[in-house]
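Undergrad:
Given below as structure tokens:
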């Protein structure tokens with residue numbers, strides 16, 4: 001017998017089933033080509049050829065001449081079938097050895113490993129020579145019971161329900177406490193501007209301003225140094241910091257543990273520093289029994305958390321939408337197939353129901369009216385109309401007669417068909433579509449990769465800038481105190497100059513940190 005080799009060719013530029021038929025028809029005529037099988041979605045052709053007559057690069061050239069792009073794929077293990085089995089009834093290492101040695105001797109089995117502890121067998125095979133049913137039968141003949149490892153068909157790993165719930169909760173908690181904080185802020189702004197007007201019109205002295213200012217309800221002091229405004233803001237800020245920011249803290253901690261700096265780290269840094277600083281300043285003011293209320297940053301954390309958790313929530317909702325579509329696609333796959341044995345003149349000898357995963361290439365599958373096609377294949381016998389709208393979007397049923405190709409997942413309408421399986425398991429059109437969508441979901445868009453890379457540099461950069469700001473203002477303050485005095489609101493003579501400078505420097509650096517906390521980048 002002449003030797004037959006197998007190669008895989010990556011084919012680009014195929015748009016529909018007629019392209020596939022075109023390539024297959026033309027290449028079959030060539031000398032030395034034994035058989036050819038083209039998968040449209042995967043964009044690859046599996047060619048069996050006689051190496052004495054023709055070379056893989058020549059095959060690729062022939063496909064190129066038909067107007068498609070073609071390159072020979074180096075690693076040929078692409079087409080190997082992989083089988084995961086649960087094997088029961090093994091008692092010791094010799095059972096394992098018995099199964100492994102028997103299978104490895106078999107033509108077509110490339111690799112086999114059996115684990116006694118987990119009762120699992122992992123087998124690689126060449127689908128041209130042997131199929132999963134043969135392998136299972138061989139293990140059964142050795143006296144063990146075996147079954148397929150049940151695959152999770154529900155696509156539950158693509159489910160974003162839990163994340164959607166957690167971010168929605170996070171957003172609502174933050175929002176609930178953020179609204180009053182914003183209300184207080186706006187109220188203060190309006191009051192301040194009215195005071196400024198009054199000051200401009202009536203030429204009041206600064207002392208009178210102070211009394212007017214502190215007579216406002218929110219600026220009234222509950223305890224010396226603790227105003228109503230600051231106290232309320234503090235109360236509203238704590239739950240947001242605890243519950244709204246919970247997930248951010250967890251993720252930031254994980255990132256820092258791996259010596260990475262992502263968005264979460266910056267968000268946590270900005271909010272924590274703002275919160276801790278404000279809290280400390282309040283304690284200091286109360287200890288000093290200060291007349292003037294210190295400037296706090298309690299409004300920052302709730303507002304940051306609101307915007308960012310809203311962004312995260314929307315992102316997961318969007319991801320959930322694609323996952324839903326994918327789960328629907330996966331649910332279109334048939335779960336069982338009816339395999340028939342044909343005698344001479346296509347007489348039915350027997351038929352059996354098997355799991356879809358057990359259908360082998362070259363099997364004859366019978367599809368009854370109203371049934372789904374379990375695998376991609378070619379019609380051998382029968383005439384029928386087939387609804388292929390799940391793949392093509394074509395509402396009208398398509399006529400199928402012997403020689404036509406059928407797509408897994410499409411629905412047979414009126415006639416019974418016998419098909420010969422060409423693509424099974426992970427190679428069917430439907431599985432390939434599912435795989436493409438999954439890959440699209442797990443891989444990041446180039447711009448997203450870029451943003452992530454940027455944020456890696458962005459975080460340390462912003463932290464550095466705010467530290468520089470802190471020290472710059474401390475130096476300026478000690479060199480030329482007037483500048484700070486001019487900008488520091490409510491400076492009264494009871495505090496030492498050094499403390500004013502340090503407080504002002506802190507305010508400036510925290511402002512930098514909070515403003516740069518990458519709201520826009522994070523949200524986008």
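Numbering (UniProt numbering), first residue to last: 1 to 524. All residues carry an ideal CB built from backbone N, CA and C; glycine is no exception.
1) May I have the straight-line CA-CA distance separating residue 10 from residue 168, to the nearest angstrom?
2) Please report the straight-line C-alpha distance between residue 27 and residue 140, rounded to a whole angstrom.
3) What is the DSSP secondary structure of residue 333, counted as helix, strand or coil?
4) According to DSSP, what are the bridge partners of residue 48?
5) Taking 9 Å as the threshold (C-beta atoms), are residue 125 and residue 110 in contact?
6) So residue 376 is in the beta strand (DSSP E); what residue range does that whole segment cover?
7) With DSSP as the reference, label residue 62 as helix, strand or coil.
8) Straight-line CA distance for residue 298 to residue 307?
9) Just mark residue 361 as buried or exposed, buried being the case when its beta carbon has 16 or more other beta carbons within 10 Å.
10) When you compare only the Cα positions, how much space is there between residue 20 and residue 160?
11) Would you please state the rounded distance, in angstroms, between the beta carbons of residue 304 and residue 294? I believe it to be under 8 Å.
12) Measuring CA to CA, which of 430, 322, 266 and 54 is closest to residue 458?
13) With H, G and I counted as helix, E and B as strand and the rest as coil, what does DSSP make of residue 339?
14) Go through the segment 383-459 residue by residue and report every complete run of the alpha helix (DSSP H) that reaches 4 residues or more, in order.
15) I'd like the list of long-range same chain contacts for residue 164, defined as Cβ closer than 8 Å, with 5 residues on each side in sequence excluded.
16) Does the beta-carbon of residue 503 have 16 or more other beta-carbons within 10 angstroms, so that it is buried, or is it exposed?
17) Does the Cβ of residue 241 have 16 or more other Cβ atoms within 10 Å, making it buried, or fewer, making it exposed?
18) How would you call residue 194, buried or exposed, if buried means at least 16 neighbouring beta carbons within 10 angstroms?
19) Below 9 Å between beta carbons: does that hold for residue 386 and residue 366?
20) Would you say residue 405 and residue 375 are within 9 Å of each other, going by their C-beta atoms?
21) Report buried or exposed for residue 427, applying the criterion of at least 16 other Cβ atoms within 10 angstroms of its Cβ.
22) Taking all protein chains shown into account, do 16 or more other C-beta atoms lie within 10 angstroms of the C-beta of residue 264, making it buried, or fewer, making it exposed?
23) Once DSSP output is grouped into helix, strand and coil, what is the label at residue 256?
24) So the candidates are 137, 182, 38 and 81; which of them puts its Cα closest to the Cα of residue 68?
25) Shortest alpha-carbon distance to residue 58 belongs to which of 8, 15, 486 and 99?
26) Just grab the DSSP bridge partners of residue 88 for me.
27) Going by DSSP in three states, residue 316 sits in which element: helix, strand or coil?
28) Indicate the three-state DSSP secondary structure (helix, strand or coil) for residue 289 in the structure shown.
29) Excluding sequence positions up to five away, which residues of its chain have a Cβ less than 8 Å from the Cβ of residue 465?
TA: A quick look at the data gives this:
1) Straight-line Cα distance between these residues: approximately 44 Å.
2) Between the C-alpha atoms of residue 27 and residue 140 there is a straight-line separation of about 40 Å.
3) Residue 333 falls in the coil class under three-state DSSP.
4) Bridge partners of residue 48: 6 and 35.
5) Taking 9 Å as the Cβ cut-off, residue 110 and residue 125 qualify as a contacting pair.
6) Going by DSSP, residue 376 is part of the beta strand (DSSP E) stretching over 376-381.
7) Helix, per DSSP.
8) Going by the C-alpha atoms only, they are around 16 Å apart.
9) Buried, because 16 or more other Cβ atoms sit within 10 Å of the Cβ of residue 361.
10) Whole-angstrom Cα-Cα distance: 37 Å.
11) About 21 Å separates the two Cβ atoms, so there is no contact after all.
12) Closest option to residue 458, Cα to Cα, is 266.
13) It is a strand residue.
14) Taking only runs of at least 4 residues, the alpha helix (DSSP H) segments lying wholly in the segment 383-459 are 389-392 and 429-442.
15) Cβ neighbours of residue 164 beyond the five flanking positions: 313, 316, 317 and 320.
16) Only buried fits residue 503, as 16 or more other CB atoms lie within 10 angstroms of its CB.
17) A residue is called buried when at least 16 other Cβ atoms come within 10 angstroms of its Cβ; residue 241 meets this threshold and is buried.
18) It is exposed - the Cβ of residue 194 has fewer than 16 other Cβ atoms within 10 Å.
19) No Cβ-Cβ contact shorter than 9 Å links residue 386 with residue 366.
20) No, they are not a contact pair.
21) The Cβ neighbour count for residue 427, taken over all protein chains shown within 10 Å, is at least 16; the residue is labelled buried.
22) Label assigned to residue 264: buried.
23) Three-state result, residue 256: helix.
24) The shortest C-alpha to C-alpha distance from residue 68 to any of 137, 182, 38 and 81 is the one to 38.
25) Ranking the options by Cα distance to residue 58, first place goes to 8.
26) 145.
27) Residue 316: helix per DSSP, three-state reduction.
28) Three-state DSSP puts residue 289 in coil, outside helix and strand.
29) Once the five neighbours on either side are set aside, the close Cβ partners of residue 465 are 512 and 516.
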